[in-house]
Amino acid sequence: MERLLEAIQFYLRSQSQGISRTRKPEVFNSQQVFNLFLRGHGPFPFYLCRFKILDSPLCVCGQVGDADHYTFSCSLTQKFHLVKPADARKRAWFQNLINNSQALNKLKEAFRISGDVCDSLTQAV
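So the number in the working numbering is just where the residue sits in the sequence shown, counting from 1, plus 35.
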């Protein structure tokens with residue numbers, strides 16, 4: 036989380052100094068992925084748009100590019116989708132997620148792909 040905040044602070048400082056927009060690549064461990072997913076933070080157009088790192092919150096597929104989108108429904112991450120829990124099962128689903136290495140690896144891959152999408156979008160700006 037600290038590295039993400041540092042990246043955001045770097046971006047904000049660079050904007051005031053006239054340096055072009057950049058986003059350094061992040062490598063996340065399982066705990067970071069879990070925490071970022073729960074908070075909806077990370078390399079997602081929806082999140083980065085809040086800080087004016089990206090101009091639009093949309094994924095390249097046209098949907099809102101948030102953590103849930105890349106985890107459950109984006110066509111770019113289809114191979115790594117998790118089954119969206121029913122409302123009645125969300126608490127148990129989240130409790131089990133942290134101990135499910137296969138699911139966490141899928142989240143990591145979805146994050147990697149969303150990061151690639153964000154990189155391509157920042158280069159286009």
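Heads up, the beta-carbon is just placed ideally off N, CA and C, and yes, glycines get one too. These numbers come from a predicted model, not from an experiment.
Do you know offhand how far residue i's Cα is from residue j's?
{"i": "F69", "j": "S110", "result": "21 Å"}
{"i": "C94", "j": "T157", "result": "12 Å"}
{"i": "Q113", "j": "L71", "result": "20 Å"}
{"i": "G77", "j": "R85", "result": "12 Å"}
{"i": "H4", "j": "L139", "result": "It is not possible to answer for residue 4, since the shown part of the chain is limited to 36 through 160."}
{"i": "G75", "j": "Q67", "result": "12 Å"}
{"i": "F152", "j": "K143", "result": "Looking at the sequence provided, one finds Val at residue 152 rather than Phe. Cα to Cα, the separation comes out at about 14 Å."}
{"i": "K27", "j": "N135", "result": "The structure shown has nothing for residue 27, since the chain only spans 36 to 160."}
{"i": "V99", "j": "P120", "result": "20 Å"}
{"i": "N131", "j": "Q137", "result": "11 Å"}
{"i": "S65", "j": "K87", "result": "27 Å"}
{"i": "C96", "j": "A127", "result": "31 Å"}
Please name the residue, chosen from the options, that lies closest to residue i on a Cα-to-Cα basis.
{"i": "D101", "options": "K141, F129 and F146", "result": "F146"}
Since residue i and residue j should fall inside the 8 Å C-beta cutoff, what is the C-beta to C-beta distance between them, to a whole number of angstroms?
{"i": "L117", "j": "F129", "result": "Not really, about 11 Å apart at Cβ, beyond 8 Å."}
For residue i, I'd like the list of residues in its chain whose CB is within less than 6 Å of its CB, leaving aside the five on either flank, ordered along the chain.
{"i": "L89", "result": "P80, L83 and L156"}
{"i": "S149", "result": "P78, F79 and Y105"}
Excluding sequence positions up to five away, which residues of its chain have a Cβ less than 7 Å from the Cβ of residue i?
{"i": "S91", "result": "P80 and C84"}
{"i": "F115", "result": "K141, E144 and A145"}
{"i": "A159", "result": "none"}
{"i": "I133", "result": "F69"}
Closer than 8 Å by C-beta to residue i: which residues in its own chain qualify, once you throw out the five before and the five after it? Chain order, please.
{"i": "F63", "result": "L71, G77, K143 and F146"}
{"i": "L73", "result": "F129"}
Fill in: alpha helix (DSSP H) runs contained entirely in the segment 77-152, provided each spans 4 or more residues
80-85 and 125-132
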